[in-house]
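Chemist: Residue numbers (the numbering used here), protein chains in the order written: chain A, -3 to 431; chain B, 58 to 997.
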Amino acid sequence: MSTIRPRDRDSVIQSLRAGVVPRSGQHLIQVGRAREIETLIGDILRIADGGSTFRLVVGEYGAGKTFFLNLVRAVALEKKLVVASADLNPDRRLHASGGQARSLYAELMRNVATRTRPEGGALSGVVEKFISTAQAEAKQEGVESEVVIRRKLDSLTELVNGYDFADVIAAYCRGVEKDNEQLKSDAVRWLRGEFATKTDARQALGVRSIVDDGAVYDQLKLMGRFVRLAGFAGLLVNLDEMVNLYKMANKQGRDGNYEQILRILNDSLQGNTEGLGFILGGTPEFVLDPRRGLYSYQALATRLAQNGFATDGLVDFSGPVVRLAALSQEDLYLLLHKVVDVYALGDPEKHLLPEQGIASFMEHCSRRVGETYFRTPRTTITAFVNLLAVLEQNPGTAWEELLGGIAVAADVGGAGDLSVEAEANDAEGFATFKL
Amino acid sequence: MARKKNGAGGFVLGALVLGLYFLSKVPKEVWVLIGVVAGVSVCVVIFSRMKASSARKQEVRRAEFQRSRPVGGADPIRTRRPGKLKHTYDHELERANERTAVVEAARAAGSGRTPEAGSPVGVPESASRFMAPKRSVRQVSGAGRWVPAHEKVSVAGAVISGGMIYVGTSLATASGTVDPCLIDPDKTVAVNGSFLQRDMGYWPSYSNISATARCAYLNWLASGRGDPAADVGYVFLYFYGLERRLITDAAVVTSEERRLIGDELRRLLGIYGGSSSSFRRYAGDLLDWVSISECSSTIYNDAVPSFERSIEVPLYVRLALGQTAVDKVPVPAHLALAWARLDPVISLRTPVVRCADEFDRLFVLKYANWGEGILLPKNRSRLRLVYKPASAGFRGQTITLSFGDTPDVTALTSPQKKLQLIVDATTEALEAYSRAIGRSPEAAGTLEGILQLPTALWPEKARGAIEDLKTRVGSGMLSMSFQELQVSLDAASTLTRDRTLALARALEGFDIGVEPDVIGGARTPKPDDKLVLFAMPSGQPTSSGDASYKAAALTLDLAAAVAAADGNFSAGEMALLRRQIHSWNHLSEGHNRRLLAHLRLLMLAPVPLSMLKRKLEPLDASAKETLAVFMATVAASDGEVSPKEIRLLESIYKALDIDVSRVFSDVHAVVAHAEDLAARRSAAAKRHAPSTVEPAQATEPVAISKGIPPSVVPAEQSVEDDTTPAAERRGVPVDDEPVQMTEGAAEPVFRIPSAPTAPPAIALPLEVPRASDPASTLPPSRPEAPEMPEIPVYVPPPQKPKVAKLAAPGFKLDSERIAALRKDTERVSALLAGIFQDDSLEEQVQPATPPPELEAASTEDGRARLLGLDDAHAAFARMLISRPQWSRDELQDLATDLELMLDGALERINEAAFDIHDVPFTEGDDPVDVNPEVLEKIAA
């Protein structure tokens, strides 16, 4: 643990500097939250065991939901899970009638990641791994590989769309064997949910169904089984920015989505699915709002409620909700400390900033933007990384002199979370940094 | 006129000379005859003259009486009787008991003559002969005598009981005339006579009034001497007798008789004193005479006989007061009361009359509170009694009594002022009661009436009821409906607001507080409304006066509304609020007790939010924020925030003018923090020192200051101390604090003040963070507690860090928390490191992977293949190693040649590489880079 891979370091530093959550190396700068992480690792192990889980990660803007989800994702990849991640937005929902749900599914499939391809786009790899295994088996048995594939996928056919799924995989196999690129790409398109009409799908692959808005969750269940057949431990689905459901103006639309969530939750907790886990990231209002949030959906409200016995210091972490407390000054202090450490590749000798420097920096920020500097630390961290970059490239510069010139802007991106049916808050306030 | 006189004189002279001439010529016999005739005629003339003059005199007197009556003053009488006989009692105070009062007049007039055996004096025998009544039944005869009170006499057919009259045929006054009071049975009495009509002169005498008047008088006496409509003349006639008995016959009057006469006088005064001021004065004076004619030198210790209030203080009272001055003792309460009641200078208002009894008792109590009582100075004006008898029998004499050097304190003014003060205070206390009684006299005995009284005057039964209540309350509290309370105190009807207020005040007098605080302005409870009675510390104000109490009560109201929102005011929520109340130590004990009672009441009947809105308006913004966060805490305190509670919180936030969306973040923060805290505690309790983690050497935060040599503040080395729960190490009593609001223990918002030790903090000499970003539309998600001095409710006494003097208390890091976090982080790091571990060590343990050449050679045995891959994939991998970078197309061709699918093959190879070397084989998609690390490792 003392050694830090340069690749991880660069990933972390680059991401932090850009104000986004790193895709890898999160564990290097994780501060605290041991209990939450233990809980989630437990989930991952359960998925790997063929179980199913459902977690709702709730935290305020800036509390580190995305960071946490990414960390979990990285852990899951290490545990040989396939991870599909997507952010919800007005065009990507769990349930819709205008193609938004299929759009979400497509996004998830585009972002399918494995340990070998943590950045996503691993779907074809997964499929091919399955097929190659089947082919090897077929070769040994001396039968057509499609026969083996059909046999292996037989267990999927009991599920919704199972036959068609098997057909598509078989089509892919045919495409490989007959070197038919068109067939291969059609099959992948189908798997990614990119066929908009059934007619197109039938013409291209001979299947009568497609992944449409209503079949997203069923398709995910199929994928969960499939990745296990392909030799992976299971499928973890990461859905972030759930607050977009909260923002929906149409109550029926919202309830439709919440119904999907309820379905997922019920299936997961009843063990109806296999090797499939869900992690949903959302803000407190997404959960608590009795009119628009999950609490507005009675069935969910009762299922998400805390354990009534877990009061007065007793805890129960088995509930479906994981709450992330906002960062405190001390959290940030340690976080910055870790950043310095990562920057120096774990070598205390090479630290660019002493501990006093960190504290002084924090004090500087608190003077500039008040307490938001640690509650929504994005801009603070960005500024800090920039400071380190300058120190690194200009050896001998006194950090005390640089401090006064640092401009930190308050991160006000969280305000967008509350604007209902507003535009997606992609344009979050990035830091402005000048020396 | 002179000439006329001279003429008349000459005529008389001539006649005289002529008469002498004839006389000389008259023979002796003629002289004898003339003498006899003249003697007879002289007698006749004298008699007739006498009769005529007496009738004339009576006419004159009657006219005078009519004139003087309305004036009512004593002057005309005095001036008409200028001749004064001075009767002096030598009154030696020191020897009062053996006083030898000598009535000189009596001695002069009738020495050696006892009234009982008194014979008629100065009344000619012939006169009685002329008046001899024909019909009168003589049952009493002989000399006039005093009929004692217990004796019955019958005069002219009228049976008079009660005595106290002189009856007889003769009774002389000092001047020798028949005493006017004497009822002479020999006098004629008419058959009819109404005592309602005036039928006699101003100074009537029984002997001289008409027969009808006598009849009326006797009727009046026989009818009990009490008809208020009777003419006062008859009363006077009766009064003359009493007067004579007391003054003229003083020597033989026993003290018992004196008392009886005094009582009789008072009775008469009660009946006739109001209608005749003249009688009131005479009778009052005589009463004075009675009261002091036999008394000790310390009458101020005795009960004061009752007197009517008149234009001056009764002599008895003055004497008693004077005696106190002589003895230099304070005026005793009963005397002061009598003085206050009788002194015309002191104004008495209606309550004194209407509730005389209550007034007296309260006056005595108040007088006792005055201190030692009023100590009168011995002033110079001496006390003396000047008595002017009413009876004509005394012929206008005045009788004066002096009392040595006993001063007349009524000449002073300052004692009266003091008395007036006490009277006013007493009256004021009784005003409400007096009004109540005035409106409805039947309220006198009921709770409604009693409530208006000061508790000291409460009847025993009512006091008992309250004492009973008090024992039931004990040192805790008691909840009951208002109706029950009323019934337990015997209320006849539902109490009005005023009465309820009075009841609350009365209970307060017994150290029982009532919640709702009607005294403080709360709504009058309805009969079914619940009340909570609680023991309050005596002498402490519990009424909801000051702002801090109001804020606290409001907080409770809100909190109760929140707690009850899910339909269940759970024990956890209750406990939290109770703890909260106990932690508010800026409030007085009384206030805290009241708040607890208030809480109990709220548990029974929470206040709807709509009623609280109005009260919330005047709060300032920071107070509102604090309230809001506290409400979130309450909602979460039972471990569950139901949608209903959220809804209510939203309306509370709205009422508080705080962004409603803050509800979610606040609730979330509360719940997350509670979990966090609990987790850390349970983890700390479970965990034994993790051997894998060496506490970082850099765990010593230091305090620095720019330009000044940094003062190193060692953080507490609590890292080793794993057995202590983290929360405890933070100076927070674990059991008492399930909801610590803040992340940093240095700034607890709802701090339970029992946490005695302030955690050492990393002291950074930094300035207070200024929210210098007005453009920020996002409010700080949590108020900073120490910056709200205007609501003392929540502000804990600022925790002074022990370690260092802070230049800027606003920015500081909690070293304990950092230490705890560090441990937490180390645990996570260890956990994650286990997952993300570089497997280089394991790899070395494994038999060294054979180099590609060797692997190729050993493919035959199928075991030691490259990365454990099958033939095709191993071949593919070997091809990959040969170049650092491939384009996707090239690889695609390569894969096709090997009958592999490119993505699948890469996936498999990479996975194998991960499994064995924990590094990917290739990176990137197009072009595909071969990982140099893998090359090194495989080559190794």
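Even for Gly, the Cβ is constructed at its ideal location relative to N, Cα and C.
Can you tell me where the beta strand (DSSP E) holding Asn234 of chain A begins and where it ends?
Modeler: It spans Gly230 to Asp236 - the beta strand (DSSP E) in which Asn234 of chain A sits, taken as one unbroken run.
Chemist: Under a CB-based cut-off of 8 Å, is Thr882 of chain B close to chain A?
Modeler: Yes, its Cβ sits closer than 8 Å to a Cβ of chain A.
Chemist: Against chain B, does Val16 of chain A count as a neighbour if the rule is that its beta carbon must be under 8 Å from one of theirs?
Modeler: Taking Cβ atoms only, chain B never reaches closer than 8 Å to Val16 of chain A, which makes this a no.
Chemist: Between which residues of its own chain and Lys125 of chain A is the CB-CB distance below 7 Å, once the five residues before and five after are set aside?
Modeler: So the list reads Ala226 and Gly227, once near-sequence residues are dropped.
Chemist: Which residues in chain B sit within 7 Å of Lys346 of chain A, going by Cβ to Cβ distance?
Modeler: None at all; the shortest Cβ gap to chain B is about 14 Å.
Chemist: Taking Ile456 of chain B as part of the beta strand (DSSP E), name the residues at either end of that continuous run.
Modeler: That run of the beta strand (DSSP E) goes Thr455 to Pro464.
Chemist: Name, going along the chain, the residues of the stretch 24 to 36 of chain A whose beta-carbon falls closer than 8 Å to a beta-carbon of chain B.
Modeler: Result list: Gln26, Val27, Gly28, Arg29, Ala30, Arg31, Ile33 and Glu34.
Chemist: Please tell me whether Ser718 of chain B has its Cβ less than 8 Å away from any Cβ of chain A.
Modeler: Closer than 8 Å to some Cβ of chain A, the Cβ of Ser718 of chain B qualifies, so yes.
Chemist: Start and end of the beta strand (DSSP E) containing Ile938 of chain B?
Modeler: First-last for Ile938 of chain B: Asp928 to Ile938, but that is the alpha helix (DSSP H), not the beta strand (DSSP E).
Chemist: Can you find a C-beta in chain B that's less than 8 Å from the C-beta of Gln325 of chain A?
Modeler: Answer yes: the Cβ-Cβ gap between Gln325 of chain A and chain B drops below 8 Å somewhere.
Chemist: Short check: CB of Cys169 of chain A to CB of Ile127 of chain A, under 8 Å?
Modeler: A contact, by the Cβ cut-off of 8 Å.
Chemist: Checking the sheet assignment: what are the DSSP bridge partners for Ala80 of chain A?
Modeler: Note: Ala80 of chain A sits in a beta bridge opposite A:Val233.
Chemist: For Leu119 of chain A and Ala969 of chain B, what's the separation of their Cα atoms in angstroms?
Modeler: Those two C-alpha atoms are separated by around 18 Å.
Chemist: Tell me the residue span of the alpha helix (DSSP H) that contains Tyr373 of chain B.
Modeler: Counting along the chain, the alpha helix (DSSP H) containing Tyr373 of chain B begins and ends at Leu372 to Asp384.
Chemist: Along the chain, where does the beta strand (DSSP E) that runs through Gly273 of chain A open and close?
Modeler: Note, Gly273 of chain A: beta strand (DSSP E), Leu272 to Gly278.
Chemist: Distance check for Cys238 of chain B and Phe104 of chain B, CA to CA, integer angstroms please.
Modeler: So the two alpha carbons sit approximately 26 Å from each other.
Chemist: In the DSSP assignment, what residue or residues form a beta bridge with Phe50 of chain A?
Modeler: The partner list for Phe50 of chain A (beta bridge, DSSP) reads A:Phe274.
Chemist: Mind listing the chain B neighbours of Leu330 of chain A? Cutoff is C-beta to C-beta under 8 Å, in chain order.
Modeler: Those are Ile875, Leu878, Arg879 and Thr882, listed as they occur along chain B.
Chemist: Tell whether a beta-carbon distance below 8 Å holds between Arg282 of chain B and Tyr274 of chain B.
Modeler: No; because the gap between Cβ atoms is not below 8 Å, this pair is not in contact.
Chemist: Val164 of chain A and Leu187 of chain A look like a contact to me (Cβ under 8 Å); what is the Cβ gap, rounded to whole Å?
Modeler: Indeed they touch by this definition, with Cβ atoms about 6 Å apart.
Chemist: I want to verify the contact list: residues of chain A whose CB lies under 9 Å from the CB of Val724 of chain B, in sequence order.
Modeler: Under the 9 Å cutoff, chain A gives Pro280 and Leu284.
Chemist: Please state the DSSP three-state secondary structure of Asn157 of chain A.
Modeler: Note: Asn157 of chain A maps to coil in three-state DSSP.
Chemist: List the residues of chain B that Leu320 of chain A touches, going by C-beta distances under 8 Å, in chain order.
Modeler: Per Cβ cutoff of 8 Å: Ala729.
Chemist: State yes or no: is the C-beta of Val54 of chain B within less than 8 Å of the C-beta of Arg657 of chain B?
Modeler: Residue 54 of chain B lies beyond the residue range present for chain B, which begins at 58 and ends at 997; the question has no answer from this structure.
Chemist: Going along the chain, which residues of the stretch 945 to 965 of chain B sit with their C-beta nearer than 9 Å to a C-beta in chain A?
Modeler: Taking 9 Å as the Cβ-Cβ cut-off against chain A, the residues of the stretch 945 to 965 of chain B that qualify are Thr953, Glu956, Leu957, Met958, Leu959, Asp960, Gly961, Ala962, Leu963, Glu964 and Arg965.
Chemist: What is the DSSP secondary structure of Gln256 of chain A, counted as helix, strand or coil?
Modeler: In this structure, Gln256 of chain A counts as helix in the three-state DSSP scheme.
Chemist: Have a look at Lys194 of chain A and Val203 of chain A and give me their C-alpha separation to the nearest angstrom.
Modeler: So the two alpha carbons sit approximately 8 Å from each other.
Chemist: When you compare the CB positions of Asp623 of chain B and Glu702 of chain B, do they come within less than 8 Å of one another, or not?
Modeler: Yes. Within cutoff.
Chemist: Drop a sphere of 10 angstroms on the beta-carbon of Gly319 of chain B, count the other beta-carbons inside from all chains shown, and report buried for 16 or more, exposed for fewer.
Modeler: Answer is buried; the Cβ neighbour count reaches 16.
Chemist: Tell me the DSSP secondary structure of Val128 of chain B in three-state form.
Modeler: Any reading at Val128 of chain B must be qualified, since the residue scores a pLDDT of 39, below 50, and its modelled position is unreliable; the value itself is stated next. Looking at Val128 of chain B - three-state DSSP - the assignment turns out to be helix.
Chemist: So what does DSSP say about Pro989 of chain B, is it helix, strand or coil?
Modeler: Three-state result, Pro989 of chain B: helix.
Chemist: For a test of the three-state rule: what should DSSP assign to Ala215 of chain B, helix, strand or coil?
Modeler: Ala215 of chain B falls in the strand class under three-state DSSP.
Chemist: Using a Cβ-Cβ distance cut-off of 8 Å, determine whether Val619 of chain B contacts chain A.
Modeler: For Val619 of chain B, the answer is no, since every Cβ of chain A falls outside 8 Å of its Cβ.
Chemist: Report the residue from B:Ala692, B:Pro700, B:Val686 and B:Val664 whose alpha carbon sits nearest the alpha carbon of Asp716 of chain B.
Modeler: Measuring from the Cα of Asp716 of chain B, the nearest candidate turns out to be B:Val686.
Chemist: Could you list which residues in chain A have their beta carbon closer than 9 Å to that of Leu992 of chain B, in chain order?
Modeler: Within chain A, no residue comes near Leu992 of chain B; the closest Cβ sits about 15 Å away, beyond 9 Å.
Chemist: Compare the C-beta of Asn625 of chain B with all C-beta atoms of chain A and state if any pair is closer than 8 Å.
Modeler: For Asn625 of chain B, the answer is no, since every Cβ of chain A falls outside 8 Å of its Cβ.
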